[in-house]
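J.: Residue numbers (my numbering): -13 to 657. The beta carbon of each residue, even a glycine, is placed where N, CA and C say it ideally should be.
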C-alpha cells in the first residue's frame, strides 16, 4: 500500500490535530493535509465509494465487538475457550464478537513520551504529516556548515531536533523509518558540533561511549542497509556507517528479544499465523525455534499486528536494557494480565473500577486503534466459564473509562421471541374433490359383490393432484422462537383458511388403518340397480333418479392445522437477540391431508424503534423489544402412511408431494 493511502488510514484512526514543528510546518489538521494530497488523484466515483464506506463504518461503530480475556492466574481458561466465548457472546448479544489475549492491550510503544498528556489525549498512531515536518527540519540543518554556528548554538539545534524526534514516538510502519533515520543522523551531526561529549547525546553502549544518535542511525541501517544511500553528506555517512559496521562485526552487544508466552512456551507456527511482527517499522519473521530475535541495543520499537487488528506495542530504550534478554509477551502479560486484573478485582462490582493512569493509557490507545468496535474486558473468576462467574466491562468511549456490564440475560442464556404472522400460501398442484361415483366405481367389485366395501389403496391413483397453480389458503401462524447466539430453534402452530370452504382440505379419517364408510345419494337412471325416482318408485329406463351408495367417508376441512418445529440460523450483528436476516428448515404435520410439511424459509426480523450507540432500544427495556418479521418459504407437503393420496400403504409409505410456497408478515416481541 502506498504511503499516502496508509497515511490516510492512520489519520482517520487518530482524528487528532498535529502542531507545527520547531523548524516550520503549516500545522494543519492531518486530515486536511493528507486529504488534499489524495483528493487530487481521486475520481468522483472513488469519492462516492469512500463516502458510502464511511457511512457504513459509522453505522457499524460500536456494534462489532472485541473481547479481551484476562486469564486467571493458575488456570488454563483463556480467550480461546469455546464455552467462555459462547457465554460472553450471548451476554453482550454479539454473536460475531472476536476474542483476544490480554497481551494485545499492552501499548507501551504507542504511548506518547509527553507525561503531561492524559489518556484521552493519546493519539495511538503517529500522524503522516509529521514526516514532512521532520524532513523539512533535516533539510534545514543539512544546509548549515559546522563552522557557521557556535558550539552553544549547535547545542540548541541538537536539543530542538531531539524534541522533534519525540513526534515520531513509535515506529509501526516502514514509511517512518527513513525520516527517523535522517533525523537521528543530523541530531548526531549537531551534537558532534557541540564538542561536549555528554548525555543525552553521548551514552555508554556495551561499555563504549558513543555519539548516541549516530549509533541509533547505524542501528536502523544495520537492519535496513539501503538507508545509507539517503545520506548525502560524506562525513555523516562515514560516521553512521562506522556504527553500522561495528554492529555487523560484533563490536556491540546485541539484545535478545524473546517472544515466548507467559508459560515460557513458543509455538512458532501458531505465532506466525496470529501475528505479523514489526521491529522498528520493518516486518520480520521469527524463525528461531524458541522465539528469539537479535536486535541492536538502544531504541527498539516492537509491534505485533493481527490480520484483523492491532496487537501489543513496546518501545525499549537504552536505560531499560539491563539484561541480555527481554521477554516481550511475558512483560506485557505481567502488566495487562496480572496488574490489570488485580486492579479490576479489588472492587469487581463497582460500576467504574479505579485504574492506574498507565492502564487507562493502554485501554484508550487500544480502543482508538479499533474505532469501529466495542471493546470489552472479561475476567473468568478462578477460571470458571459459568455465566454468573464471568466479570465483564466495556470501554465507554465518551467517558474514556471502563464500565461494568451487568448480566441482563437473567442468568438464562436463551433469548425468546413470540411472533404472530399471516399472509398467503400457494400450491402448484390442485387436488379435486373426488366424485362419489368415481369413489364407488373405483372401489367396488361390481361383478362379484356390488355391495362389497372398497379398499382405499385402489383409490389413490384416481386422486393424484394435477399441475395447476392455485391459492392454497391464508395462513395464520403463532411461533415461539429460541435464540442462542446465531442458532435459531422454534415451535409453532399454523392454521390455514382454505378458499373452497369445507372441501378445501380432504383426507381419510385416521382410524389405525380401519376404513370409515358412509352412505350417500348418487345420481342414476332408470335401469340401474337400486335407482329410485324423485317422487319414489322405480324410474323408467333412462329417466333420472338417485340411489344409495356406500363410499369411504372423507374428512373435509375448511381449516388446515399444522404443528411444526424449526431449526436454523440468524445472521447479522444482532443475531443473538433474534434480529437480522435468517433462514431455517421447518418440519411439521398437517391434519388434512395427512402429510409431512418440509419447507425452507428465509426472511428478515427487525426491531421496531431505534437503537442508540450503546445498543439500547426505545422499543422496550432489557430483553423485551418489539419486532417486525417477514418470511418467504417454499417446500413440499408429502402425503404419508394412511393418507388417501398414498397408493402403497406401507409403514413408511409416502405419496406424490404437493409443492407449496408463500409469503407471510407479522409482528412480535422478544423476551
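Just the C-alpha distance for residue 97 and residue 380, rounded to the nearest angstrom, thanks.
T.: To locate residue 97, count along the chain shown from 1; it is residue 111. To locate residue 380, count along the chain shown from 1; it is residue 394. Roughly 21 Å between the two C-alpha positions.
J.: Can you pull the DSSP bridge partners for residue 507?
T.: Residue mapping note: residue 507 aligns to position 521 of the chain shown, counting from 1. DSSP, once it has assigned bridges, lists 534 as partnering residue 507.
J.: Hey, residue 411 and residue 461: beta-carbon distance below 8 Å or not?
T.: Within the chain shown, numbered from 1, the residue matching residue 411 stands at position 425. Within the chain shown, numbered from 1, the residue matching residue 461 stands at position 475. Yes. Within cutoff.
J.: Kindly list the residues whose CB is nearer than 6 Å to the CB of residue 622, restricted to its own chain and excluding five residues on each side of it in sequence; keep chain order.
T.: As a first step, residue 622 must be located in the chain shown, where it is residue number 636. Around residue 622: 584, 643, 645.
J.: Using alpha carbons as the reference points, say which of 632, 422, 653, 214 lies closest to residue 164.
T.: Reading the chain shown from its first residue, position 178 is the one you call residue 164. Residue 164 has its Cα closest to that of 214, out of 632, 422, 653, 214.
J.: Taking only three categories from DSSP, how would you classify residue 656?
T.: The residue given as residue 656 occupies position 670 in the chain shown. Residue 656 falls in the strand class under three-state DSSP.
J.: Quick check on the DSSP output: the beta strand (DSSP E) that includes residue 214 runs from which residue to which?
T.: Your numbering for residue 214 matches position 228 in the chain shown. Segment: none, residue 214 is in no beta strand (DSSP E) and carries neither H nor E.
J.: How is the beta strand (DSSP E) around residue 132 delimited, first residue to last?
T.: Here residue 132 is taken as the residue at index 146 of the chain shown, counted from 1. Note, residue 132: premise wrong, no beta strand (DSSP E); not H, not E.
J.: By Cβ distance, which residues of its chain are closer than 6 Å to residue 334, with the 5 residues on each side in sequence left out?
T.: Taking the chain shown and counting its residues from 1, the one referred to as residue 334 is at position 348. Result list for residue 334: 377, in chain order.
J.: Could you give the first and the last residue of the continuous beta strand (DSSP E) run that contains residue 363?
T.: Translated into the one-based positions of the chain shown, residue 363 becomes position 377. Residues 359 to 366.
J.: Kindly indicate which residue of 359, 219, 586 has the alpha-carbon position closest to the one of residue 131.
T.: For the purposes of this step, residue 131 is taken as the residue at position 145 of the chain shown. Among 359, 219, 586, the Cα nearest to that of residue 131 is on 219.
J.: Hey, out of 526, 272, 497, 504, whose CA is closest to residue 511's CA?
T.: Here residue 511 corresponds to residue number 525 of the chain shown, with the count starting at 1. Considering only alpha carbons, the answer is 526.
J.: From this set, 419, 81, 489, 114, which residue's C-alpha is nearest residue 558's C-alpha?
T.: The residue given as residue 558 occupies position 572 in the chain shown. Measuring from the Cα of residue 558, the nearest candidate turns out to be 81.
J.: Taking its Cβ as the centre, do 16 or more other Cβ atoms sit within 10 Å of residue 592, making it buried, or is it exposed?
T.: Translated into the one-based positions of the chain shown, residue 592 becomes position 606. Burial call: exposed.
J.: Which whole-angstrom value describes the C-beta separation of residue 291 and residue 328, a residue pair presumed to lie in contact below a C-beta threshold of 8 Å?
T.: Working through the chain shown from its first residue, we reach residue 291 at position 305. Working through the chain shown from its first residue, we reach residue 328 at position 342. Contact doesn't hold; Cβ gap of about 29 Å is too wide.
J.: Looking at the strands, I want to know which residues DSSP matches up with residue 281.
T.: Numbered from its first residue, the chain shown carries residue 281 at position 295. According to DSSP, residue 281 bridges with 241.
J.: Hey, could you find the ends of the beta strand (DSSP E) residue 266 is sitting in?
T.: Walking along the chain shown from the start, residue 266 turns up at place 280. Unbroken run through residue 266: none, as it is neither H nor E.
J.: Suppose only complete runs of 3+ residues qualify. What are the beta strand (DSSP E) ranges in the segment 546 to 629, listed by chain order?
T.: DSSP runs (the beta strand (DSSP E)) wholly in the segment 546 to 629: 566 to 576, 581 to 593, 611 to 625.
J.: In whole angstroms, give me the CA-to-CA distance for residue 70 and residue 260.
T.: Residue mapping note: residue 70 aligns to position 84 of the chain shown, counting from 1. Residue mapping note: residue 260 aligns to position 274 of the chain shown, counting from 1. Cα to Cα, residue 70 sits roughly 20 Å from residue 260.
J.: Determine which residues share a DSSP beta bridge with residue 301 and list them.
T.: By 1-based counting over the chain shown, the position of residue 301 is 315. Bridge partners of residue 301: 287.
J.: Would the beta-carbon of residue 546 fall within 8 Å of that of residue 503?
T.: Counted from its first residue, the chain shown places residue 546 at position 560. Counted from its first residue, the chain shown places residue 503 at position 517. It is not a contact, given that the beta carbons lie outside the stated cut-off.
J.: Tell me, please, which residues DSSP counts as bridged to residue 464.
T.: The residue given as residue 464 occupies position 478 in the chain shown. Per DSSP, 406, 479.
J.: Looking at the secondary structure, which residues open and close the beta strand (DSSP E) in which residue 310 lies?
T.: Working through the chain shown from its first residue, we reach residue 310 at position 324. No beta strand (DSSP E) contains residue 310, which DSSP labels as neither H nor E.
J.: Using CA coordinates, which residue listed in 531, 513, 509, 485 is at the minimum distance from residue 519?
T.: Counting from 1 along the chain shown, the entry for residue 519 is found at position 533. Closest in C-alpha terms to residue 519, from the list 531, 513, 509, 485, comes 531.
J.: Here's the rule: buried if 16 or more other CB atoms are within 10 angstroms of the residue's CB, otherwise exposed. What is residue 209?
T.: For this step, residue 209 is matched to residue 223 along the chain shown. Buried, since its Cβ has 16 or more Cβ neighbours within 10 Å.
J.: Looking only at its own chain, which residues have a Cβ that is under 8 Å from the Cβ of residue 304, when we skip the five neighbours before and after it?
T.: Taking the chain shown and counting its residues from 1, one reaches residue 304 at position 318. Result list for residue 304: 189, 191, 198, 283, 284, 285, in chain order.
J.: Quick one: using the 10 Å Cβ neighbour count with 16 as the cut-off for buried, is residue 538 buried or exposed?
T.: Position 552 of the chain shown, counted from the start, is the residue given in the question as residue 538. Per the 10 Å Cβ criterion, buried.
J.: Unbroken alpha helix (DSSP H) runs of length 4 or more, entirely within the segment 51 to 104: which are they?
T.: 68 to 78
J.: Specify, as a first and last residue, the run of the alpha helix (DSSP H) that residue 173 falls within.
T.: For the purposes of this step, residue 173 is taken as the residue at position 187 of the chain shown. Its alpha helix (DSSP H) spans residues 163 to 178.
J.: For the alpha helix (DSSP H) that residue 201 lies in, which residues bound it at each end?
T.: As a working note, residue 201 is residue 215 in the chain shown. 198 to 209 is the extent of the alpha helix (DSSP H) around residue 201.
J.: Between which residues of its own chain and residue 474 is the CB-CB distance below 8 Å, once the five residues before and five after are set aside?
T.: For this step, residue 474 is matched to residue 488 along the chain shown. Once the five neighbours on either side are set aside, the close Cβ partners of residue 474 are 467, 468, 552, 553, 554, 555, 556, 564, 568, 570.
J.: If I'm right that residue 288 touches residue 271 with Cβ under 8 Å, what's the distance once you round it to whole angstroms?
T.: Here residue 288 refers to the residue found at position 302 when the chain shown is read from its first residue. Here residue 271 refers to the residue found at position 285 when the chain shown is read from its first residue. Contact doesn't hold; Cβ gap of about 14 Å is too wide.
J.: Mind checking who residue 519 pairs with in its DSSP beta bridge?
T.: Locating residue 519 in the chain shown gives position 533, counting from the first residue. According to DSSP, residue 519 bridges with nothing at all.
J.: Which value, in whole angstroms, describes the spacing of the CA atoms of residue -1 and residue 357?
T.: Reading the chain shown from its first residue, position 13 is the one you call residue -1. Reading the chain shown from its first residue, position 371 is the one you call residue 357. Its pLDDT being 39, under 50, residue -1 is placed unreliably in this model, and the coordinates cannot settle the point.
J.: Anyone know if the C-beta pair for residue 311 and residue 276 falls short of 8 Å?
T.: Position 325 of the chain shown, counted from the start, is the residue given in the question as residue 311. Position 290 of the chain shown, counted from the start, is the residue given in the question as residue 276. It is not a contact, given that the beta carbons lie outside the stated cut-off.
J.: Assuming residue 160 and residue 90 make a contact with CB atoms under 8 Å, what is their CB distance in whole Å?
T.: Translated into positions along the chain shown, residue 160 becomes position 174. Translated into positions along the chain shown, residue 90 becomes position 104. 22 Å between Cβ atoms; not a contact.
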